[in-house]
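*Asks:*
In the numbering used here, the protein residues as written are 34 to 105.
1) Given residue 42, which residues of its chain have a CB within under 6 angstroms of its CB, disregarding the five upstream and five downstream residues?
2) Once you ignore the five residues that flank residue 50 on each side, which residues in its own chain have a CB closer than 8 angstroms to its CB?
3) With DSSP as the reference, identify every bridge partner of residue 39, one or two as the case may be.
4) Is the CB-CB distance between residue 77 and residue 67 below 7 angstroms?
5) With a 10 Å radius around its C-beta and 16 neighbouring C-beta atoms as the bar for buried, classify residue 39 as buried or exposed.
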């Protein structure tokens, strides 16, 4: 069985400017660094967000893991 991939979302209080705030990984100088980005577009999150399985997400309790297919 293949484990589901998901993304790490940042929960911010209402009112908020964007629907999604998410963790993304980018490469700078040959090294992976992590940052956040925001969007109202689900497809942006699917394309750009850092993806991990739920087990890995447990290392980051400050974020909320959501399976890709469950993104609203």
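For glycine and all other residues, C-beta sits at the position ideal for the given N, C-alpha and C. Predicted model, so just to flag it, every value in this text is computed and none were measured.
*Replies:* So, to answer that:
1) 55, 97 and 99
2) 71
3) 85 and 100
4) no
5) buried
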